[in-house]
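Asks: Can you keep this structure in mind? I'll have questions shortly.
Numbering (the numbering used here), first residue to last: 194 to 388.
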């Protein structure tokens, strides 16, 4: 992970950038900086691996989109802080996400007062093209498998098969090239998180 390059390219695009060498430092930062807020989470293996909801629920109110269905997904647009990860990030300053229902990518673009991305080093690529490739052929098949989607990529878990099935999770691909609000934070973990 080239921290200098990531910082330069993302800060020039109005993102707030932080780096963490270990999980406990990352969680301590979040506990210290997210208090007395209404928060929500986009579907994310990274957020689950960190057990972020348990870490933050004592001092915050959580909107559970996976427990309350569509109404909670809409409430996610009006929270103080929205957490998610990226399918891929390029050192050149782009964030790539592929989404099935669209709530995760939509909330990353509009609504919440603050958006926090948590990004493991395994998601960093050198170019936008590599980020697109990673999102489509690494992250999406693993997410499809995690969600038990009835798709070729979920069955094999190895790559995108460009299916046109109703059960596909690749319905929206979003490339973010500049922060859309004054408080969009990228928390880079110098260890693997999610997929």
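Idealized CB from N, CA, C, for every residue including glycine.
Just so we're clear, the structure is a prediction, and the values are computed from it rather than from any experiment.
Report, in whole angstroms, the separation of the C-beta atoms of residue 298 and residue 328, which I expect to be a contact under 8 Å.
Replies: Actually they do not touch by this definition, with Cβ atoms about 11 Å apart.
Asks: In this structure, how does DSSP classify residue 376 when only helix, strand and coil are distinguished?
Replies: Three-state result, residue 376: coil.
Asks: Taking the alpha helix (DSSP H) that residue 239 falls in, what are its first and last residues?
Replies: Its alpha helix (DSSP H) spans residues 238 to 242.
Asks: Whole angstroms is fine: what's the gap from residue 399's alpha carbon to residue 316's?
Replies: Given that the chain is displayed from residue 194 to residue 388, the structure contains no residue 399 and the question cannot be resolved.
Asks: Go to residue 307, then tell me how far its beta strand (DSSP E) extends in each direction, as first and last residue.
Replies: Residues 307 to 313.
Asks: Taking the alpha helix (DSSP H) that residue 300 belongs to, which residues open and close that run?
Replies: Taken as a continuous stretch (DSSP letters only), the alpha helix (DSSP H) holding residue 300 covers 296 to 302.
Asks: Since residue 356 and residue 333 should fall inside the 8 Å C-beta cutoff, what is the C-beta to C-beta distance between them, to a whole number of angstroms?
Replies: No, residue 356 and residue 333 are not in contact; Cβ-Cβ is about 11 Å, not under 8 Å.
Asks: Between which two residues does the alpha helix (DSSP H) carrying residue 203 extend?
Replies: Its alpha helix (DSSP H) spans residues 196 to 204.
Asks: Along the alpha helix (DSSP H) that carries residue 222, what are the first and last residues, could you check?
Replies: Its alpha helix (DSSP H) spans residues 216 to 226.
Asks: Cα separation between residue 194 and residue 314?
Replies: Each residue's Cα considered, the two are about 6 Å apart.
Asks: Out of 201, 311, 370, which has the shortest C-alpha to C-alpha gap to residue 383?
Replies: When each option's Cα is compared against that of residue 383, the closest is 311.
Asks: Looking at residue 284 and residue 199, is the spacing between their C-beta atoms short of 8 Å?
Replies: Going by C-beta atoms, residue 199 is nearer than 8 Å to residue 284.
Asks: In this structure, how does DSSP classify residue 365 when only helix, strand and coil are distinguished?
Replies: Reduced to three states, the DSSP call for residue 365 is strand.
Asks: How is residue 267 classed by DSSP in three states: helix, strand or coil?
Replies: Residue 267 falls in the helix class under three-state DSSP.
Asks: Residue 138: which of 239, 335, 196, 321 sits nearest, CA to CA?
Replies: A question about residue 138 goes unanswered here, because the residues of the chain that appear run from 194 up to 388.
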